[in-house]
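Visitor: The following block contains the structure, expressed as structure tokens.
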Amino acid sequence: MPMERVRTYVPGFDELVNGGIPECHTVLVAGPAGSGKTIFSLQYLYEGMKHGEKGVYISFDMSEKDLVEQASEFGWKFTKDVMIKYIDLNETNVSAAIDEIAKAVGKFKPSRLVIDSISILSVYAELVEMSDLVDMLKLDVSKTSMVPHTAITRRAMTTMLKRIKSFDVTSLLISEYAEGSGYYSRDTVSEFLADGLVVFHNSSGSGRNVMEVEVVKMRKTKKDGAMYDMMITEKGIHIYEIKRR
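Right, here's the structure in full:
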């Protein structure tokens, strides 16, 4: 039986993943600031909406107003089939935020989900009181003093990503990272747990600034490992067939 795939309808991208993202996959969309991650994710929801698919955009950073304004720069106007929800992590905890996402997904029943960003989730996971993490992860209190804080944070992120994957929607998780860090996520584990990893780059080549994208990982999908040129046009992201390796 052929694999069901969800087309992004982003010009040039679906050709890189055998026609689309495998249905219900969770894909980490990583890159430095200004590389096109949010635009790609908004475009993913907008194009899905145009083709009759409901979508949810969860933001821990930008307000609904800011996201709607950014989308409008490309002529994208969302209907009632797209929910944009801002969650202020200063007003809640990480576990409650995941519960809120689950509630939104359960009620709205989207086929597409964006979480912006997993990086901010990991920052707040690091700031959660040890007692909260112990309760959330059901750790043995007598042993927590022996566990490095980074290990607890990674376990917290592992638990949260498994929860997100259980929603059974095709999800994009935005991750901002610093070039040269060696990892594609702040928590250093999300890229291994996600079903797919798409990386956006800002780089310089032949004396010009170049925007590029590569599919580093996509389970159940053939990929060529090449870097492709991309542009942010007045209609959104467009990926070209020019390979860089």
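0 is the number of the first residue of the sequence shown in numbering that gives the first Met the number 0; add one for each residue after it. Just so it is clear, CB atoms sit at the ideal spot from N, CA and C, and this is done for glycine as well. Just so we're clear, the structure is a prediction, and the values are computed from it rather than from any experiment.
Do you know how far the Cα of His200 is from the Cα of Phe12?
Guide: Locating residue 12 in the sequence shown gives position 13, where the first residue counts as 1. Locating residue 200 in the sequence shown gives position 201, where the first residue counts as 1. Answer to the nearest angstrom: the Cα atoms are 15 Å apart.
Visitor: Could you name the residues of the same chain whose beta carbon sits closer than 7 Å to that of Lys216, not counting the 5 residues immediately before and after it, in chain order?
Guide: Locating residue 216 in the sequence shown gives position 217, counting from the first residue. Contacts found: Gly195 and Leu196.
Visitor: Restricting to Cα atoms, I'd like to know which of Thr78, Val9, Ala29 and Thr91 is closest to Val55.
Guide: The sequence position of residue 55 within the sequence shown is 56, counting from 1. Val55 has its Cα closest to that of Thr78, out of Thr78, Val9, Ala29 and Thr91.
Visitor: Going by beta carbon distance, what residues of the same chain come within less than 7 Å of Thr152, once the five residues before and after it are set aside?
Guide: As a first step, residue 152 is located in the sequence shown; it is residue number 153 there, counting from the start. Ser121, Ala124, Glu125 and Asp186, listed in sequence order.
Visitor: So, with DSSP's three-state summary, where would you put Arg4?
Guide: Reading the sequence shown from its first residue, position 5 is the one you call residue 4. In the structure shown, Arg4 sits in a strand (DSSP, three-state: E or B).
Visitor: Between Arg218, Met210 and Thr220, which lies nearest to Val32 when the distance is taken from Cα to Cα?
Guide: Counting from one through the sequence shown, the residue named residue 32 turns up at place 33. Val is not the amino acid found at residue 32; the sequence shown has Ala there. With distances taken between Cα atoms, Ala32 lies closest to Met210.
Visitor: For the beta strand (DSSP E) containing Tyr56, name the first residue and the last one.
Guide: For this step, residue 56 is matched to residue 57 along the sequence shown. Element bounds for Tyr56: Gly54 to Ser58.
Visitor: With C-beta atoms as the reference, is Ile38 less than 7 Å away from Ile236?
Guide: In the sequence shown, the residue the question calls residue 38 occupies position 39. In the sequence shown, the residue the question calls residue 236 occupies position 237. Their beta carbons are under 7 Å apart, which means Ile38 touches Ile236 by this criterion.
Visitor: Taking the alpha carbon of Lys53 as the point to measure from, which residue in Asn17, Lys164, Lys106 and Thr25 has its own alpha carbon closest?
Guide: The count along the sequence shown starts at 1 and reaches residue 53 at position 54. Selected option, being the one with the closest Cα: Lys106.
Visitor: Taking the C-alpha atoms as reference points, what is the distance between Gly224 and Val212?
Guide: Numbered from 1 along the sequence shown, position 225 holds the residue referred to as residue 224. Numbered from 1 along the sequence shown, position 213 holds the residue referred to as residue 212. Cα to Cα, Gly224 sits roughly 10 Å from Val212.
Visitor: For Tyr176, which three-state DSSP category applies?
Guide: Numbered from 1 along the sequence shown, position 177 holds the residue referred to as residue 176. It is coil, neither helix nor strand.
Visitor: Where does Asp65 sit, in a helix, a strand or coil, going by DSSP?
Guide: For the purposes of this step, residue 65 is taken as the residue at position 66 of the sequence shown. If DSSP states are grouped into helix, strand and coil, Asp65 belongs with the helices.
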